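A short write-up of the structure that comes next.
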Amino acid sequence: MFGTVRTRSAGIAYTLLALFCAFPTSTAVAAPAFQPRNVETFRATVNEAQSLGWRSEEIDAVIDYVTRMSTDSFIVSTGGKIVATVGDTHVPYEIHSMRKAMLSAVVGQHVGDGPRQIDLDASLEELGIDDVPIPLTALQKQATVLHLLRSMSGINHGAAASAGLTEDIDRRLGKEQNQPGTIWAYNNWDYNALTTVFETRTGLSVAEAFEKDVATPLGMSEFSSTSVHYLADPAVSRHRAAMFRMSASDLLAFGRMYLNNGKMGSQQVIPENWIANITGKAVETGIEGLRSGHGFLWWLPSPEDTGLPPGTYFAWGLGNQSLFVIPDWDTVIVHQSDTTAFVEKWMGMAEDGIPAEEALLKIALSCMNSSNASTDFCIEDRFTLRPEFDGLIATIVKAHK
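Residue numbers (mature numbering (1 follows the signal peptide of the UniProt record, and there is no 0)): -30 to -1, 1 to 371.
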């Protein structure tokens, strides 16, 4: 019922690549000026863009910026209308850590105290949740489902799809026990344990639930239950990561539903109060810029640092995959980059004996060297580092009236 499992060896590229989700901006060199790629684009007319709250000439600048990135699909939609697109928006790609927003959605559909429902105040002990090879302590078992949703279990255990995040987790949580609910940490153990809670309580796989109760009512054209696979690392934890492949057009439908307070037409797909929890129960992360807050598995940007309006939230994953929901602008923005070639290049270097983190850093920064900038890999498949992505967000903010 629970779908395909990729073991530690099969999923190691994904887990180690997660270190770039915490890649410090100050370490990266500013990207050189890449030439625009020959990629399909669309933009609204001057009058349409202006009527939707956008500066027409600055939309051109946004599109130009995106065509100089390794972006594979990009959408700006306001008021249910398309303002701009780049690339084929119907091709599914791995969305990496954006999966957590999808998990949050299906959990929100099954909250309650009845059979096959999830009580947010239930403790891990009450739900029979433990771990192997290192069992949870009595204190750790007092963490609740709500703590998992808020990334505040305080449990520092190994987790599938978590390599590269361990240094920050260790810094925040330390090696001793923590009182649940007292410390925030971006912690894949919480999200993977939440996956186990969801599947054991509801009797549904994440894939089944998302297809039936989200993708189908939203009319997603590229998603099916086979779009979800699992990463497992039984050497460190019994809890698995449910990974998604989705297209930009399906992500847009998902974002529009959130923008509409959980509705698709007259159907309430996600409870409205669940969506309100994203901002209403957000936690300050201590991180500046785009990730200053975190609520129910979505990120909240700092308005002061980014220029994005208060109330904005977004899903974010490896390669700066992202889905922005901006209620104040009535806007959804989708950004995707296919990381397949990057992963394959890394695996080749790893097989040659280069240490994993060194290989990843070398590949990511190689395209910042002007002598490599014109190679096919750097033009089409380079890793989108944070300064380049931050520049895109700044360009988008400038384009809005």
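We put the beta carbon where it would ideally sit given N, CA and C, even for glycine. Here the structure is a predicted model, which means the values were calculated and not measured.
Review point. Per DSSP, threonine 172 forms a beta bridge with which residues?
Key: Here residue 172 is taken as the residue at index 202 of the sequence shown, counted from 1. BP columns for threonine 172 are empty, so no partner.
Practice item. Assuming proline 62 contacts serine 217 (C-beta within less than 8 Å), just tell me the rounded distance between them. Key: As a first step, residue 62 must be located in the sequence shown, where it is residue number 92. As a first step, residue 217 must be located in the sequence shown, where it is residue number 247. So it is a contact: roughly 5 Å between Cβ atoms.
Practice item. For glutamate 28, collect the residues of the same chain with a Cβ closer than 6 Å to its Cβ; drop the 5 residues on either side in sequence, then sort them by chain order. Key: The residue given as residue 28 occupies position 58 in the sequence shown. Lys368, Ala369.
Review point. Per DSSP, phenylalanine 284 is paired with what?
Key: As a first step, residue 284 must be located in the sequence shown, where it is residue number 314. BP columns for phenylalanine 284 point to Trp269, Phe294.
Check your understanding: Alpha carbon to alpha carbon, what distance is there between methionine 213 and alanine 364?
Key -> In the sequence shown, counting from the first residue as 1, residue 364 sits at position 394. In the sequence shown, counting from the first residue as 1, residue 213 sits at position 243. Approximately 29 Å between the Cα atoms of the pair.
Check your understanding: Using the rule of at least 16 other Cβ atoms within 10 Å of the residue's Cβ for burial, across every protein chain shown, is threonine 196 buried or exposed?
Key -> Numbered from its first residue, the sequence shown carries residue 196 at position 226. Exposed, because fewer than 16 other Cβ atoms sit within 10 Å of the Cβ of threonine 196.
Check your understanding: isoleucine 88 and valine 167 look like a contact to me (Cβ under 8 Å); what is the Cβ gap, rounded to whole Å?
Key -> By one-based count along the sequence shown, residue 88 stands at place 118. By one-based count along the sequence shown, residue 167 stands at place 197. Their Cβ separation, rounded to whole angstroms, is 7 Å, which keeps isoleucine 88 and valine 167 in contact under 8 Å.
Check your understanding: Measuring CA to CA, which of Arg171, Ile248, Ala177, Gly235 is closest to glycine 82?
Key -> The residue you call residue 82 lines up with position 112 of the sequence shown. Per the Cα distances, Arg171.
Exercise for review: With DSSP as the reference, label threonine 309 as helix, strand or coil.
Suggested key: Mapped onto the sequence shown, residue 309 falls at position 339. Coil.
Review point. Does the pairing of the region 12 to 20 with the region 260 to 277 give three or more beta-carbon distances under 8 Å?
Key: no
Practice item. Decide if aspartate 42 is buried, meaning its Cβ has at least 16 other Cβ atoms within 10 Å, or exposed. Key: What you label residue 42 is simply residue 72 of the sequence shown in a count that begins at 1. Aspartate 42 should be labelled buried.
Check your understanding: Three-state secondary structure (DSSP) at glutamine 112?
Key -> Numbered from its first residue, the sequence shown carries residue 112 at position 142. In the structure shown, glutamine 112 sits in a helix (DSSP, three-state: H, G or I).
Exercise for review: For valine 295, count neighbouring Cβ atoms within 10 angstroms of its own Cβ and tell me buried if that reaches 16, exposed if not.
Suggested key: In the sequence shown, residue 295 corresponds to position 325, counting from 1. Buried, by the Cβ-count rule.
Check your understanding: Should glutamine 110 go down as buried or exposed, given a rule of 16 or more other Cβ atoms within 10 Å for buried?
Key -> In the sequence shown, residue 110 corresponds to position 140, counting from 1. Glutamine 110 is buried by the Cβ-count criterion.
Check your understanding: If you follow the alpha helix (DSSP H) that serine 219 is part of, which residue opens it and which one closes it?
Key -> Taking the sequence shown and counting its residues from 1, the one referred to as residue 219 is at position 249. Note, serine 219: alpha helix (DSSP H), 218 to 229.
Review point. For tyrosine 63, does the three-state DSSP call read helix, strand or coil?
Key: Within the sequence shown, the letter at position 93 stands for residue 63. Here tyrosine 63 sits in strand by DSSP.
Point to revise | Range of the contiguous beta strand (DSSP E) that encloses phenylalanine 12 | key: In the sequence shown, residue 12 corresponds to position 42, counting from 1. Per DSSP, phenylalanine 12 belongs to the beta strand (DSSP E) from 11 to 13.
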